[in-house]
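S.K.:
Residue numbers (the working numbering), protein chains in the order written: chain A, 1 to 318; chain B, 1001 to 1169.
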């Protein structure tokens, strides 16, 4: 069994045996290209690969149309049982993650949850109930994913980089490989601190990083980004801070502090293209901090990890 | 020969009485262990937000005794694919088979497992608090039972034996 298949196996451990066996019974080529597995109540289980949308069949094969016979339908029990197992029979331990709409499982695979929200009197989501669908995103540790970024941006010195990309464009994979490379011998064993709010970058479990990271990486696992950045700055004296999906007002305050302390920052942000990103108010706020030197815009979900465009951000500083 | 037989009858009835007392003590010890376990769970979820499987594994690694054995059994069942509730119930039934618990104690512990891990932190704390209280009251009644019945059981069995001896002689 190769590493790719192991990633799928790891990502679906919480599924009921019936579904698990059917997925693991898939042809190795399909299994190794799975990007997402979508489970919806009373609907056929969908398998999304890099170039296809397939439906799982009971006999461990796939269909291209939902009208075909013998499709593997996720029952109410399947979804409920999967959710119980997903949170290790302990909703209380995952209540914040569930409110945020995802749980990260061992191996850094993110499981998105669609459910009915319970809203409190302040208008905030206090809990969720009646989970209707799950989206399992298979995380892969891709060595060399950051080649484009390193060759085009870090060729002379370490800079602060904002990695821009749409969902599934490989932002986290690039970030993970970047952490491994920057903390390795090629860059003189830089002190890298990863603020891993969603446990996706390092996939830390019981203090052990399940993903391949360099020897010089310290991981603040589960910390909210803004607090994590401040703690990293105060406690870990890093050369570079790495974090995923920035954007909130609290993040901006922490980014400003990181920039003022002279520490480099590598972070990701969601956007379809750079031109669209520049129109967002949160981009203006982030640029006002003067923290980022360069933006690396990823190609998209069809070519994960590849850099499409590199933009100098100095002219956007205010 | 008759004296030997009489002594044997008395000794066996005394042993039967002691066995019943042992069962009562065993039940007290089991309930007490569950109360301590539930308090431990309360602390762990309150301060660490740990999930139950993690706590169970930790207890199994660090401790020995009734609860650790019970949790080992539960974890084995969960690994085989059973749900937490089913594994818990099977473990409780096993304790009842070993005569460590009465059927009523089993029902209380099975009821407790219905809410285990099914709600948020406040829900879990209330569930634990409620069942710690219920188990405490069962413990108190079991202790009272032991105090009241131990002497009666011993003397009852010995008198029965003496009566049997007199009758046979």
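Note that CB positions come from ideal geometry on N, CA and C, so glycine has one too.
1) May I ask which residues mark the beginning and end of the alpha helix (DSSP H) holding residue 22 of chain A?
2) Based on the DSSP secondary-structure assignment, which residues constitute the bridge partners of residue 270 of chain A?
3) Could you check the C-alpha separation between residue 278 of chain A and residue 171 of chain A for me, to the nearest Å?
4) Under 8 angstroms between C-beta atoms, does residue 1053 of chain B make it to chain A?
5) Taking Cβ positions only, does residue 1129 of chain B come closer than 8 angstroms to chain A?
6) If you check the beta carbons only, do residue 112 of chain A and residue 10 of chain A fall under 8 angstroms apart?
7) For chain A, find out if any of its Cβ atoms is closer than 8 angstroms to the Cβ of residue 1079 of chain B; answer yes or no.
8) Where does residue 1159 of chain B land, buried or exposed, given buried means 16+ other C-beta within 10 angstroms?
9) For residue 45 of chain A, which of helix, strand or coil comes out of DSSP?
10) I'd like to confirm something about residue 52 of chain A: is its beta-carbon nearer than 7 angstroms to some heavy atom of the ligand ATP, or not?
11) Return no unless some Cβ of chain B is closer than 8 angstroms to the Cβ of residue 1 of chain A.
12) Determine, for residue 1150 of chain B, whether the minimum Cβ-Cβ distance to residues of chain A falls below 8 angstroms.
13) Does the pairing of the stretch 135-147 of chain A with the stretch 49-57 of chain A give three or more beta-carbon distances under 8 angstroms?
14) In the DSSP assignment, find the beta strand (DSSP E) that holds residue 243 of chain A and state where it starts and stops.
15) If you drop the 5 nearest sequence neighbours on each side, which residues of the same chain put their C-beta closer than 7 angstroms to that of residue 1 of chain A?
16) For residue 189 of chain A, which of A:38, A:238, A:152 and A:17 has the nearest alpha-carbon?
17) Let me see if you follow: with CB-CB separation under 8 angstroms, is residue 1045 of chain B close to chain A or not?
18) I'd like to confirm the pairing. Which residues does DSSP put opposite residue 59 of chain A in its beta bridges?
19) With a threshold of 8 angstroms between beta-carbons, can residue 87 of chain A be considered close to chain B, or not?
20) Below 8 angstroms CB to CB, which residues in the same chain sit around residue 1023 of chain B once its five sequence neighbours on both sides are set aside?
21) Give the DSSP-derived three-state secondary structure of residue 1051 of chain B in the structure shown.
22) Note down, in chain order, every chain B residue with its Cβ under 9 angstroms from the Cβ of residue 50 of chain A.
23) So residue 1165 of chain B packs on residue 1135 of chain B, CB below 8 angstroms; how close in whole Å?
24) Throw me the rounded Cβ distance for the residue 127 of chain A and residue 118 of chain A pair, which I believe falls under 8 angstroms.
25) Given a cut-off of 8 angstroms on the beta-carbon distance, is the pair residue 298 of chain A and residue 311 of chain A in contact?
26) Of all Cβ atoms in chain A, is any one closer than 8 angstroms to the Cβ of residue 1120 of chain B?
27) In the structure shown, what three-state DSSP assignment does residue 149 of chain A receive?
28) Does residue 1162 of chain B come out as helix, strand or coil in the three-state DSSP assignment?
29) Kindly confirm or deny that the stretch 205-219 of chain A and the stretch 247-257 of chain A touch, where touching means at least three C-beta pairs closer than 8 angstroms.
30) Give the single residue among A:88, A:304 and A:45 whose Cα lies nearest to the Cα of residue 1055 of chain B.
31) When burial is assigned at 16 or more other CB atoms within 10 Å of the CB, is residue 124 of chain A buried or exposed?
32) With a 10 Å radius around its C-beta and 16 neighbouring C-beta atoms as the bar for buried, classify residue 1087 of chain B as buried or exposed.
33) Quick one, which of A:169, A:295 and A:102 has its alpha-carbon nearest residue 304 of chain A's?
34) Shorter than 8 angstroms from the beta carbon of residue 81 of chain A to some beta carbon of chain B?
35) Taking 6 angstroms as the limit between beta carbons, can you name the residues of its chain near residue 114 of chain A, skipping five residues before and five after?
36) I need the DSSP call for residue 291 of chain A, collapsed to helix, strand or coil.
M.R.: The answer reads as follows:
1) 17-24
2) A:165
3) 18 angstroms
4) yes
5) no
6) no
7) no
8) exposed
9) coil
10) Annotation note on the ligand ATP: not contained in the displayed structure, which lists no ligands.
11) Because residue 1 of chain A sits at a pLDDT of 44, beneath the cut-off of 50, its placement in the model cannot be relied upon, and the following sentence gives the value as read from the coordinates. It does not; no Cβ of chain B falls within 8 angstroms.
12) no
13) no
14) 240-243
15) Low confidence applies to residue 1 of chain A: its pLDDT is 44, below 50, so where it sits in the model is not reliable enough to give any reading.
16) A:238
17) yes
18) Looking at the DSSP assignment, residue 59 of chain A forms no beta bridge with any residue, so it has no partner.
19) yes
20) 1099
21) coil
22) Simply none; closest approach about 31 angstroms.
23) Not really, about 42 angstroms apart at Cβ, beyond 8 angstroms.
24) 4 angstroms
25) no
26) yes
27) helix
28) helix
29) no
30) A:88
31) exposed
32) buried
33) A:169
34) yes
35) 132 and 133
36) coil
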